[in-house]
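Residue numbers (my numbering), protein chains in the order written: chain R, 65 to 771; chain L, 303 to 493. Presented below is the structure to which this report refers.
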Amino acid sequence: NNSEKRNKSREYGLKKIHTWCEMCFWGCGVTALKRNGKVFKLEGQEKCPNNYGKLCAKGNAGVYQLYDPDRLKSPMIRTGERGSGKFKEVSWEEAYNYIAEKVKKISDYYGSKSLALIAHGSGEHAFISLLEALGSHNIAIPAYSQCMGSREIGWWLTYGMGFTGHEYGDGEHSKCMMFLGRNILEALQVGEAKKVIDGLSKGAKLIYVDPRYSKTAAKADYWLQIKPGTDLALLLGMINFIIENKLYNEDFVKKYCYGFDELKKEVKQYTLEWTSRETEIPAKQIAEVCYELAKAAPQCFIHPGRRLTRYGNDTQTVRAIGILNALFGNWGMPGGFYVPVAMKIKTPHMYELEEEHGKHKFERVDGAGEKYKLAPKNLGRENGLFEAILTGKPYPIKGLFVYGTNFFEHYPDNKVAKKIANSLDLLVTCEIYMTETALYSDVILPESTYLERWDPITIQADKYPFIQYREPASVKLFNTKGAWEIASELAKTMNLKIKYKTVQEYNKEFLKTIGISEDVLKRDGCYVFPVKKGMYPQAEGKELKFRTMSRKIELYSKFLDRLGFDPIPKYTKAPNPAPDEFRLLFGRMSYHTHARTQNNRWLLALHNFDVKLWIHPKRAAQLGITDGAKVRIRKGDKVSDELTAYVTDLIHPECIFIPHGFGRFSKFMKYAYEMKGASDAEFCSNGVDPISGAAAFHNGFVKVERV
Amino acid sequence: MSKKEKYVMLYLIDRCIDCKACMVACKAQWSVPEDHFRTHVDEKFDIVDEINRESRMYFLPSQCNHCDDPPCVHVCPTKASHKRDDGIVYIDRGRCIGCKYCIVSCPYDARFFNEELGVAEKCTFCLPRIKEGFEPACVHTCLSRTRIFGDINDPESEVSQVLKEAIKRKDKIWKLREDLGTEPNIYYIKS
Numbered sequence: 065n066n067s068e069k070r071n072k073s074r075e076y077g078l079k080k081i082h083t084w085c086e087m088c089f090w091g092c093g094v095t096a097l098k099r100n101g102k103v104f105k106l107e108g109q110e111k112c113p114n115n116y117g118k119l120c121a122k123g124n125a126g127v128y129q130l131y132d133p134d135r136l137k138s139p140m141i142r143t144g145e146r147g148s149g150k151f152k153e154v155s156w157e158e159a160y161n162y163i164a165e166k167v168k169k170i171s172d173y174y175g176s177k178s179l180a181l182i183a184h185g186s187g188e189h190a191f192i193s194l195l196e197a198l199g200s201h202n203i204a205i206p207a208y209s210q211c212m213g214s215r216e217i218g219w220w221l222t223y224g225m226g227f228t229g230h231e232y233g234d235g236e237h238s239k240c241m242m243f244l245g246r247n248i249l250e251a252l253q254v255g256e257a258k259k260v261i262d263g264l265s266k267g268a269k270l271i272y273v274d275p276r277y278s279k280t281a282a283k284a285d286y287w288l289q290i291k292p293g294t295d296l297a298l299l300l301g302m303i304n305f306i307i308e309n310k311l312y313n314e315d316f317v318k319k320y321c322y323g324f325d326e327l328k329k330e331v332k333q334y335t336l337e338w339t340s341r342e343t344e345i346p347a348k349q350i351a352e353v354c355y356e357l358a359k360a361a362p363q364c365f366i367h368p369g370r371r372l373t374r375y376g377n378d379t380q381t382v383r384a385i386g387i388l389n390a391l392f393g394n395w396g397m398p399g400g401f402y403v404p405v406a407m408k409i410k411t412p413h414m415y416e417l418e419e420e421h422g423k424h425k426f427e428r429v430d431g432a433g434e435k436y437k438l439a440p441k442n443l444g445r446e447n448g449l450f451e452a453i454l455t456g457k458p459y460p461i462k463g464l465f466v467y468g469t470n471f472f473e474h475y476p477d478n479k480v481a482k483k484i485a486n487s488l489d490l491l492v493t494c495e496i497y498m499t500e501t502a503l504y505s506d507v508i509l510p511e512s513t514y515l516e517r518w519d520p521i522t523i524q525a526d527k528y529p530f531i532q533y534r535e536p537a538s539v540k541l542f543n544t545k546g547a548w549e550i551a552s553e554l555a556k557t558m559n560l561k562i563k564y565k566t567v568q569e570y571n572k573e574f575l576k577t578i579g580i581s582e583d584v585l586k587r588d589g590c591y592v593f594p595v596k597k598g599m600y601p602q603a604e605g606k607e608l609k610f611r612t613m614s615r616k617i618e619l620y621s622k623f624l625d626r627l628g629f630d631p632i633p634k635y636t637k638a639p640n641p642a643p644d645e646f647r648l649l650f651g652r653m654s655y656h657t658h659a660r661t662q663n664n665r666w667l668l669a670l671h672n673f674d675v676k677l678w679i680h681p682k683r684a685a686q687l688g689i690t691d692g693a694k695v696r697i698r699k700g701d702k703v704s705d706e707l708t709a710y711v712t713d714l715i716h717p718e719c720i721f722i723p724h725g726f727g728r729f730s731k732f733m734k735y736a737y738e739m740k741g742a743s744d745a746e747f748c749s750n751g752v753d754p755i756s757g758a759a760a761f762h763n764g765f766v767k768v769e770r771v
Numbered sequence: 303m304s305k306k307e308k309y310v311m312l313y314l315i316d317r318c319i320d321c322k323a324c325m326v327a328c329k330a331q332w333s334v335p336e337d338h339f340r341t342h343v344d345e346k347f348d349i350v351d352e353i354n355r356e357s358r359m360y361f362l363p364s365q366c367n368h369c370d371d372p373p374c375v376h377v378c379p380t381k382a383s384h385k386r387d388d389g390i391v392y393i394d395r396g397r398c399i400g401c402k403y404c405i406v407s408c409p410y411d412a413r414f415f416n417e418e419l420g421v422a423e424k425c426t427f428c429l430p431r432i433k434e435g436f437e438p439a440c441v442h443t444c445l446s447r448t449r450i451f452g453d454i455n456d457p458e459s460e461v462s463q464v465l466k467e468a469i470k471r472k473d474k475i476w477k478l479r480e481d482l483g484t485e486p487n488i489y490y491i492k493s
């Protein structure tokens with residue numbers, strides 16, 4: 065009967081609300097399913113080019129995050145020592161007034177330049193607007209120095225552009241794909257992993273270079289178990305082999321590449337034998353993969369990498385990757401690299417500064433654009449900012465705003481991070497959990513989760529450019545606010561000369577500009593522009609243009625030459641660990657994002673609440689470590705909590721591997737704390753790439769011992 | 303007269319990347335309690351080349367096989383566990399007395415005990431979803447299209463077509479513990 069049918073129908077009483085996922089930074093389109101006022105499931109939006117209806121484990125687990133009892137529930141002000149965990153719950157007014165008072169004190173004494181910000185997430189620009197209104201430009205997005213800086217600069221020097229958030233390898237149409245450490249099927253972003261699998265299921269070859277057999281290696285036709293630190297050697301050796309054996313696209317190189325003769329001369333020294341010895345990869349394998357790529361060209365690509373904070377020569381390594389790709393002529397070709405199409409839209413602004421603050425009259429502290437000329441000012445150098453906070457040079461930074469990022473877990477050494485926190489007069493953290501950084505803060509501003517808030521429509525340039533819509537799927541469960549709410553209210557409290565729109569006003573204006581009705585967005589969650597071409601300019605017969613000094617792809621970098629760096633990458637050896645030490649390598653698990661998801665019990669259950677340390681059997685035997693034993697990492701006096709030894713020859717004997725995001729010390733993230741494990745931030749190196757100014761983490765040497 | 307439906311699942315295991323999205327989608331869909339899951343993905347090693355000691359890691363999803371000769375149905379004292387016409391093995395929660403005999407009897411470890419409700423629980427092939435024309439939650443979220451679900455009695459269905467192609471290609475096709483005579487209905491396919 066009818067009422068029975070109603071009660072059993074899936075659609076009955078079901079509300080669908082659209083947003084984009086924020087469990088990682090890829091931004092899959094999400095439809096939240098709500099019944100009886102509760103969000104019970106998240107599903108992918110069918111039309112969204114980021115994920116085409118799919119969601120990963122983290123995306124699905126967004127439900128758990130929404131209802132996580134450990135979430136921050138109210139603004140708080142510290143009452144005890146930093147890190148003591150002693151806070152009092154306050155009203156938003158009190159929190160804002162406290163911040164305003166401290167900001168005024170700092171600005172009056174040190175100048176507003178003494179205020180800084182690090183931010184990551186869809187509320188970034190809300191806090192950037194605050195700092196701009198305050199008159200400071202000491203703003204750093206951690207993703208540059210702690211992640212993709214060297215990748216961006218290396219590629220920009222070669223092709224005249226970077227990648228920003230999406231890399232443009234055309235996986236779904238490729239015949240051969242190569243990845244150096246980019247664990248694309250495990251450090252996964254739904255849309256691009258999906259496309260790589262699509263390509264593989266159509267018969268594409270996969271070449272994967274990594275000291276460790278990751279899940280991407282499991283799908284590879286060739287797994288090159290490289291000696292850590294020798295990526296650049298492999299690439300230079302491949303470039304030489306390909307030139308010597310005429311496996312490159314001569315027409316393309318002649319037409320579009322600058323500096324081929326110099327390149328040919330320079331790489332002659334990197335013979336196949338030398339390369340094999342240096343990388344510990346059999347010469348036969350190196351030759352085979354060169355032939356595979358050449359056979360597939362131009363429907364092939366070598367992925368530029370994503371996190372290139374490795375050995376300190378990472379910008380030059382990416383230069384080599386760029387050069388290698390150029391030899392195959394795959395730019396703007398299906399199966400090679402597509403070129404993203406950007407819609408020429410005059411987007412509105414969320415805010416308007418009512419006066420200019422002369423922010424350009426003082427120098428930044430982080431060295432972006434100055435000591436490190438190529439580090440872009442709009443992204444900043446977080447490592448440089450922290451160095452400035454520690455040294456007080458060129459001038460003191462006394463106030464730090466932190467939005468959606470946890471520097472205790474991504475900046476080397478907790479002792480240093482504590483020092484940074486303690487040297488500030490004001491540390492404000494806007495977060496959803498009591499992270500380690502929040503624990504050391506003076507004021508905590510709890511943000512509503514992505515499922516509870518409004519954020520302005522985003523636009524993404526891609527193969528098929530699109531926009532994404534967000535509205536709250538759930539009422540606010542606690543006393544929290546969205547980043548834009550906070551920014552505008554805080555600006556009002558501080559009497560800043562800045563005017564904000566509401567998100568709804570912005571969205572209305574935006575949609576009017578492009579002539580799309582809000583109903584379309586409420587129905588689908590996204591809108592894909594009907595672009596039919598432009599993404600494969602070479603295949604489409606267009607003249608390729610590159611924003612380099614020579615207007616061509618620079619195999620020989622004129623800019624680097626001008627700056628006094630090697631214009632063609634030269635191999636430099638990474639430091640080696642002592643025989644009783646291990647190089648510490650870290651990376652991702654399929655079920656976690658950075659240090660953000662380790663309190664999510666649904667995700668922890670997927671790997672049985674276990675944190676593994678990968679170690680080679682020969683080394684393990686020397687230390688009396690058996691598979692499954694409890695072990696820990698040691699560096700001098702510093703010792704980690706316990707991990708479970710995974711004894712396997714799937715990791716190079718010189719190194720160990722641990723997943724990032726564990727070894728936490730905030731007791732207020734109950735499950736994350738109970739997971740134990742080690743924090744790679746405690747034990748990694750803190751090098752700096754001389755060209756990009758980004759960090760280098762993979763030269764950290766540690767000991768491993770049984771617990 | 304058209305044949306009655308018979309629901310089966312295929313796993314194209316070359317595609318599975320062990321992202322475990324399926325496990326969480328199912329958990330959210332059915333409010334699976336505590337740390338339990340109704341489907342799993344496990345890691346396995348296969349010797350690809352004995353001489354060169356080359357082995358390859360691959361990933362095996364698993365869930366209730368909705369067997370044609372299900373031990374869980376035979377042992378159930380109250381007929382709570384029953385085999386439907388469309389092939390799905392279903393638990394009528396109203397009849398389940400929580401004796402756990404079915405949990406012990408399943409050779410695939412597909413069932414678990416729901417402490418809160420005091421009943422046995424397992425994969426239902428998302429019966430309420432499929433009756434409305436939706437895919438099972440695990441199939442819907444799988445980003446690599448490892449899981450294929452549908453009516454094997456319909457020759458035009460995706461499962462029928464994909465299975466036919468796999469047979470033609472001489473792919474390795476197997477089911478779990480066929481030797482036990484449970485007649486499971488999940489096909490594992492590997493090229």
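Note that beta-carbon positions come from the ideal geometry of N, C-alpha and C, so glycine has one too.
Reduced DSSP category for residue i - H, G, I as helix; E, B as strand; rest coil
i	result
Arg358 of chain L	strand
Thr657 of chain R	coil
Leu97 of chain R	strand
Cys120 of chain R	coil
Glu231 of chain R	coil
Leu311 of chain R	coil
Met212 of chain R	helix
Tyr402 of chain R	coil
His442 of chain L	helix
Met311 of chain L	strand
Asp371 of chain L	coil
Ile496 of chain R	coil
Test item: CB-CB of residue i and residue j under 8 Å
i	j	result
Tyr436 of chain R	Ser756 of chain R	yes
Gly741 of chain R	Leu707 of chain R	yes
Val103 of chain R	Leu515 of chain R	yes
Ile271 of chain R	Met242 of chain R	yes
Leu119 of chain R	Thr443 of chain L	yes
Ile722 of chain R	Phe650 of chain R	yes
Ser730 of chain R	Thr499 of chain R	yes
Val326 of chain L	Trp220 of chain R	no
Pro113 of chain R	Gly267 of chain R	no
Ile632 of chain R	Leu327 of chain R	yes
Ile261 of chain R	Gly444 of chain R	no
Where residue i meets chain L, residues with beta-carbon distance less than 7 Å
i	result
Cys12 of chain R	Within the shown structure, residues of chain R are numbered from 65 to 771, placing residue 12 of chain R beyond reach of any answer.
Trp666 of chain R	Val326 and Lys329
Asn800 of chain R	No answer is possible for residue 800 of chain R: it lies beyond the span of chain R, which begins at 65 and ends at 771.
According to DSSP, residues forming a beta bridge with residue i
i	result
Asp588 of chain R	Note: Asp588 of chain R sits in no beta bridge, so no partner.
Arg770 of chain R	R:Val695
Val343 of chain L	L:Pro363
Asp348 of chain L	L:Arg358
Interface residues of chain R facing residue i [CB-CB closer than 7 Å]
i	result
Arg471 of chain L	Under the 7 Å cutoff, chain R gives no residues; its nearest Cβ is about 12 Å from Arg471 of chain L.
Arg340 of chain L	Going along chain R, no residue has its Cβ under 7 Å from Arg340 of chain L, so there is no contact; the nearest lies around 13 Å.
Within chain R, the residues that residue i reaches when beta carbons sit closer than 8 Å
i	result
Asp344 of chain L	Residues of chain R passing the Cβ test: none, with the nearest at roughly 11 Å.
Contact set between residue i and chain L, taken where Cβ atoms lie within less than 9 Å
i	result
Gly108 of chain R	His442, Thr443 and Leu445
Counting only runs that start and end within the region 670-728 of chain R, where is the beta strand (DSSP E) found for 3 or more residues in a row? 676-679, 694-699, 707-711 and 719-723
Report the start-end ranges of each alpha helix (DSSP H) in the region 238-292 of chain R that is 4 residues or longer and not cut off at the edges. 254-265 and 279-282
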